[in-house]
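S.K.: Protein chains in written order, with this note's numbering: chain A, 1 to 344; chain B, 345 to 613.
One structure follows; several queries about it will come next.
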Amino acid sequence: MMKRIYAITKKAFLNFLEKLSSVYNVVIPSQIENNYRWINFNGEFNFNDYRCISSIRQFFFPCQELISINYKDVELKKRPFCIVGAKSCDIQSLNIQDYVFLTDEIDGSYNFFRKNNIIISSDCRSFKEVCFCLNLNIKPYPEANFDLNLSLVDDLYLIEVGSEKGEKLIKENSNFFQEPPDTWLEKNLKLRKNVEEQLSKQLISQGLVNREVLYQLVKSGYENDIWQEEAEHCVECGACIMNCPTCHCFLIFDDEKDKNLLRGRTWDGCQYKNFAKVAGGANPLLFRSKRLRNRYLKKFEFFPDRLGIYACTGCGRCIECCPGKIDLRNIFKRLEEDNKLSKL
Amino acid sequence: MLYTPWEVKVTKVIEETPTIKTFVLKPERNFSFKTGQFVELTYPGKGEAPFTPSSDPNVKDEFEITIMNVGRVTSLFHKLSSGEKLGVRGPYGNGYPVDSFVNKEILIVGGGVGLAPLRSLIFTLFSRIEQFKKIVICYGARTPQDIVYKYQIESWLKFKNVHLRLTVDRGDENWRGNVGVVTTILNDLPLLTKQAVGVVCGPPIMMKFTTLRLLELGFLPENIYLSMEKNMSCGLGKCGHCRLGKYYVCKDGPVFRFADINEIEDIWD
Numbered sequence: 001m002m003k004r005i006y007a008i009t010k011k012a013f014l015n016f017l018e019k020l021s022s023v024y025n026v027v028i029p030s031q032i033e034n035n036y037r038w039i040n041f042n043g044e045f046n047f048n049d050y051r052c053i054s055s056i057r058q059f060f061f062p063c064q065e066l067i068s069i070n071y072k073d074v075e076l077k078k079r080p081f082c083i084v085g086a087k088s089c090d091i092q093s094l095n096i097q098d099y100v101f102l103t104d105e106i107d108g109s110y111n112f113f114r115k116n117n118i119i120i121s122s123d124c125r126s127f128k129e130v131c132f133c134l135n136l137n138i139k140p141y142p143e144a145n146f147d148l149n150l151s152l153v154d155d156l157y158l159i160e161v162g163s164e165k166g167e168k169l170i171k172e173n174s175n176f177f178q179e180p181p182d183t184w185l186e187k188n189l190k191l192r193k194n195v196e197e198q199l200s201k202q203l204i205s206q207g208l209v210n211r212e213v214l215y216q217l218v219k220s221g222y223e224n225d226i227w228q229e230e231a232e233h234c235v236e237c238g239a240c241i242m243n244c245p246t247c248h249c250f251l252i253f254d255d256e257k258d259k260n261l262l263r264g265r266t267w268d269g270c271q272y273k274n275f276a277k278v279a280g281g282a283n284p285l286l287f288r289s290k291r292l293r294n295r296y297l298k299k300f301e302f303f304p305d306r307l308g309i310y311a312c313t314g315c316g317r318c319i320e321c322c323p324g325k326i327d328l329r330n331i332f333k334r335l336e337e338d339n340k341l342s343k344l
Numbered sequence: 345m346l347y348t349p350w351e352v353k354v355t356k357v358i359e360e361t362p363t364i365k366t367f368v369l370k371p372e373r374n375f376s377f378k379t380g381q382f383v384e385l386t387y388p389g390k391g392e393a394p395f396t397p398s399s400d401p402n403v404k405d406e407f408e409i410t411i412m413n414v415g416r417v418t419s420l421f422h423k424l425s426s427g428e429k430l431g432v433r434g435p436y437g438n439g440y441p442v443d444s445f446v447n448k449e450i451l452i453v454g455g456g457v458g459l460a461p462l463r464s465l466i467f468t469l470f471s472r473i474e475q476f477k478k479i480v481i482c483y484g485a486r487t488p489q490d491i492v493y494k495y496q497i498e499s500w501l502k503f504k505n506v507h508l509r510l511t512v513d514r515g516d517e518n519w520r521g522n523v524g525v526v527t528t529i530l531n532d533l534p535l536l537t538k539q540a541v542g543v544v545c546g547p548p549i550m551m552k553f554t555t556l557r558l559l560e561l562g563f564l565p566e567n568i569y570l571s572m573e574k575n576m577s578c579g580l581g582k583c584g585h586c587r588l589g590k591y592y593v594c595k596d597g598p599v600f601r602f603a604d605i606n607e608i609e610d611i612w613d
């Protein structure tokens, strides 16, 4: 299919978002020092050069939600989100979340948001020190999983259509959009190429391990002391799992309020001590080292086995948020180093 | 949603042992399960836990769940009396592949409350007993008073091709049977181990040593069926708690052939 690309001025884009606000909960990035965080659209919008601190998972899979009251399903009549400024690493994670929540039995809540949310993603014009999407074969500009994609060229936006839903939005608001001159398209390609080259240089200087061997490294490194040594620094805060765009684990909980039986779910994760504990007391993930290893096995062995892709998009959030400075890039470097040594 | 329970009524509570009770449950809607599948049972407002029904799947209007008092939610279940209501959802998982046992000799090895899912299997096998060559049931409990289903276990011998062996870890003054862990009653089994099917359920340590013993005796890894115990929560392979290698125990199990999991690290942890 020919990719349709339109152009929109910054002012017209604000009007477009304003219009979307009547139906959607429009969320946009807001800059604080060197970071971006998600806020509700309030009439302003500034293009974000790179991803937000937290992932977009929260807009598809709320960190806490009610499932049923007195054994009756709660109604899914929530306001869908329009997510503006999601980056490639974020929207690629939906491949994992879709597999978990939409394969076989369909998770109603996730399905609601996945069907009704709008994703207006955008190119990265820069990156953080922790970014390594390219290392996982993900470009710093969206190639799939978006409805519309925004590219900042000079002081105007190019808008690429990525879905029927996106096409419909353009048609319904055609007065905001115009045909882009060819020079813009060429300019954009140059900007994309430039970011890709710069990021590539950074990754080479960081000496990252080739993605092809990550699967083998976690497999062969099962008994490695690295897990123990790295886990010494884990303070069990769970920041890595809460910020990861591909983490999907949740805990079902029951409660009683005003004689109503409530069932809900909340984000959970394998870095918490009781994650795998059974009633009889056995806990296969009792130690931090086993839990740390489990996280890597899940992302770099389980998902490749089940789905054929790594459950990591190189967003670098787990590195950025870890108080113990546990660094995925470093863990793979160490595993590779040990692997080479053991082969000598 | 997928995780919303519906009501069942407790119609009877059977005290099996000082720590184990069987609850007879009447569902408010049509409910059926395959032997070896599990359900999530909810204590209203407090929490839920996975259990494999211990009753005959051919009985449709009621089902039974045998529960050992070991944790927060199970201790609440133990306070229930008949007439009270619970929540349930399921059934989940694969269950025992009974059809593939046809014309075979079957060894069933249970430990402690692990006899619960196996009793459901035993009843299922009994309902078509002529299709199986032989059924050998070996069961071990800690002490004579920890034996579950005492009131009916002897009646399982009503079929000619059924054998039963019991053992306890520690006997008492009245115990005349074998004393020792369950592997001590697996010698001189009256079956051809190379062709027989072995079905094992019990605590992890018991499953481990029983499996190793069965392999020694000549059972083939593809003929050993294990009920793996993990923290199954959603029951649908979504919440992530019960991962075992490339499997989720709730969806791909809970029954696994040893041949399919023997290369996964630390399966007995």
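Even for Gly, the Cβ is constructed at its ideal location relative to N, Cα and C.
Please read these numbers as outputs of a predicted model, since none were measured by experiment.
Using the Cβ count rule (16 or more neighbours within 10 Å means buried), how would you classify residue 181 (chain A)?
M.R.: Residue 181 (chain A) sits at position 181 when you count from the first residue of the first sequence. Exposed.
S.K.: Quick check: the Cα distance between residue 355 (chain B) and residue 602 (chain B), rounded to an integer number of angstroms?
M.R.: Taking the second sequence and counting its residues from 1, the one referred to as residue 355 (chain B) is at position 11. Taking the second sequence and counting its residues from 1, the one referred to as residue 602 (chain B) is at position 258. In a straight line, the C-alpha of residue 355 (chain B) is about 37 Å away from that of residue 602 (chain B).
S.K.: Rounded C-beta distance between residue 500 (chain B) and residue 510 (chain B)? I'm assuming under 8 Å.
M.R.: Here residue 500 (chain B) refers to the residue found at position 156 of the second sequence. Here residue 510 (chain B) refers to the residue found at position 166 of the second sequence. Wrong, their Cβ atoms sit about 11 Å apart, outside the cutoff.
S.K.: At what residue ranges does the segment 124-167 of chain A contain a whole run of the beta strand (DSSP E), taking only runs of 3 or more?
M.R.: Runs found: 148-153 and 156-161.
S.K.: What residues from the segment 209-227 of chain A come within 7 Å of chain B, judged by C-beta to C-beta, listed N to C?
M.R.: Correct list: 222.
S.K.: Below 7 Å, is the gap between the Cβ of residue 259 (chain A) and the nearest heavy atom of the ligand ATP?
M.R.: Ligands are entirely absent from the displayed structure, and the ligand ATP is therefore not among its contents.
S.K.: Candidates B:595, B:533, B:585 and B:609: which alpha carbon is nearest residue 276 (chain A)'s?
M.R.: Reading the first sequence from its first residue, position 276 is the one you call residue 276 (chain A). Minimum Cα distance to residue 276 (chain A) is reached at B:585.
S.K.: Are the beta-carbon atoms of residue 195 (chain A) and residue 124 (chain A) separated by less than 8 Å?
M.R.: In the first sequence, counting from the first residue as 1, residue 195 (chain A) sits at position 195. In the first sequence, counting from the first residue as 1, residue 124 (chain A) sits at position 124. Result yes, Cβ atoms of residue 195 (chain A) and residue 124 (chain A) sit closer than 8 Å.
S.K.: Does the count of Cβ pairs from the segment 90-97 of chain A and the segment 143-156 of chain A closer than 8 Å reach three?
M.R.: The segment 90-97 of chain A, when compared against the segment 143-156 of chain A, does touch it at the 8 Å Cβ threshold.
S.K.: Would you say residue 540 (chain B) faces chain A, with C-beta separation under 8 Å as the test?
M.R.: As a position in the second sequence, residue 540 (chain B) is number 196, starting the count at 1. With 8 Å as the cut-off, residue 540 (chain B) does not count as an interface residue toward chain A.
S.K.: Any beta carbon of chain A sitting closer than 8 Å to that of residue 603 (chain B)?
M.R.: Start at 1 with the first residue of the second sequence, and residue 603 (chain B) comes out as number 259. By this cut-off, residue 603 (chain B) is not an interface position.
S.K.: If the cut is a Cβ gap below 8 Å, which residues of chain A does residue 577 (chain B) touch?
M.R.: Counted from its first residue, the second sequence places residue 577 (chain B) at position 233. Here the neighbours are 251 and 252.
S.K.: If you reduce the DSSP assignment to three classes, tell me which class residue 115 (chain A) lands in.
M.R.: Position 115 of the first sequence, counted from the first residue, corresponds to residue 115 (chain A). Note: residue 115 (chain A) maps to helix in three-state DSSP.
S.K.: Which residues does DSSP pair with residue 345 (chain A) in a beta bridge?
M.R.: Only positions 1 to 344 of chain A appear in this structure, which leaves residue 345 (chain A) out of reach.
S.K.: Using a beta-carbon distance below 8 Å, is residue 60 (chain A) in contact with chain B?
M.R.: Residue mapping note: residue 60 (chain A) aligns to position 60 of the first sequence, counting from 1. No, no contact with chain B.
S.K.: Rounded to whole angstroms, what is the Cα-Cα separation between residue 598 (chain B) and residue 441 (chain B)?
M.R.: Locating residue 598 (chain B) in the second sequence gives position 254, counting from the first residue. Locating residue 441 (chain B) in the second sequence gives position 97, counting from the first residue. Cα-Cα distance, rounded: 12 Å.
S.K.: Do you know how far the Cα of residue 70 (chain A) is from the Cα of residue 48 (chain A)?
M.R.: By one-based count along the first sequence, residue 48 (chain A) stands at place 48. By one-based count along the first sequence, residue 70 (chain A) stands at place 70. Whole-angstrom Cα-Cα distance: 44 Å.
S.K.: Is there contact here, the segment 572-591 of chain B with the segment 473-483 of chain B, by at least three beta-carbon pairs under 8 Å?
M.R.: Output reads no: the segment 473-483 of chain B does not touch the segment 572-591 of chain B.
S.K.: Assuming residue 3 (chain A) and residue 156 (chain A) are in contact, meaning their beta carbons sit under 8 Å apart, how far apart are those beta carbons, in whole angstroms?
M.R.: Here the question's residue 3 (chain A) lines up with position 3 in the first sequence. Here the question's residue 156 (chain A) lines up with position 156 in the first sequence. Between residue 156 (chain A) and residue 3 (chain A) the Cβ distance is about 18 Å, and since that is not below 8 Å, they are no contact.
S.K.: Out of B:590, B:367 and B:563, which one is the CA nearest neighbour of residue 427 (chain B)?
M.R.: Taking the first residue of the second sequence as 1, we reach residue 427 (chain B) at position 83. Nearest option by C-alpha distance: B:367.
S.K.: Taking contact to mean 3 or more Cβ pairs, one atom from each stretch, closer than 8 Å, check whether the segment 382-389 of chain B and the segment 405-424 of chain B are in contact.
M.R.: Counting Cβ pairs under 8 Å, three or more are found: they touch.
S.K.: Apart from the five residues on each side of it in sequence, which residues of its chain come closer than 8 Å, Cβ to Cβ, to residue 14 (chain A)?
M.R.: Here residue 14 (chain A) is taken as the residue at index 14 of the first sequence, counted from 1. Closer than 8 Å at Cβ, skipping near neighbours: 43, 44 and 45.
S.K.: Would you report the Cα separation of residue 131 (chain A) and residue 210 (chain A), rounded to the nearest angstrom?
M.R.: Residue numbering aside, residue 131 (chain A) sits at position 131 when the first sequence is read from its first letter. Residue numbering aside, residue 210 (chain A) sits at position 210 when the first sequence is read from its first letter. Rounded to whole angstroms, residue 131 (chain A) to residue 210 (chain A) spans 15 Å at the Cα level.
S.K.: With three or more beta-carbon pairs closer than 8 Å as the criterion, would you say the segment 133-142 of chain A touches the segment 107-124 of chain A?
M.R.: The segment 133-142 of chain A, when compared against the segment 107-124 of chain A, does touch it at the 8 Å Cβ threshold.
S.K.: Just mark residue 495 (chain B) as buried or exposed, buried being the case when its beta carbon has 16 or more other beta carbons within 10 Å.
M.R.: By 1-based counting over the second sequence, the position of residue 495 (chain B) is 151. So residue 495 (chain B) ends up on the exposed side.
S.K.: Taking residue 409 (chain B) as the reference, give the member of B:522, B:523, B:460 and B:551 with the closest Cα.
M.R.: By one-based count along the second sequence, residue 409 (chain B) stands at place 65. The option with the nearest alpha carbon to residue 409 (chain B) is B:460.
S.K.: Compile a chain-ordered list of the residues in the segment 254-268 of chain A whose CB is closer than 8 Å to at least one CB of chain B.
M.R.: Hits within the stretch, in order: 254, 255, 256, 261, 262, 263, 265 and 268.
S.K.: On the three-state DSSP scale, how would you describe residue 1 (chain A)?
M.R.: Within the first sequence, residue 1 (chain A) is the residue found at index 1, counting from 1. Any answer about residue 1 (chain A) is weak, because its pLDDT of 44 lies below 50 and its placement is not dependable; what the coordinates show is given next. Residue 1 (chain A): coil per DSSP, three-state reduction.
S.K.: Got a sec: is the Cβ-Cβ distance from residue 328 (chain B) to anything in chain A below 8 Å?
M.R.: Outside the shown range of chain B (345 to 613) lies residue 328 (chain B), about which nothing can therefore be said.
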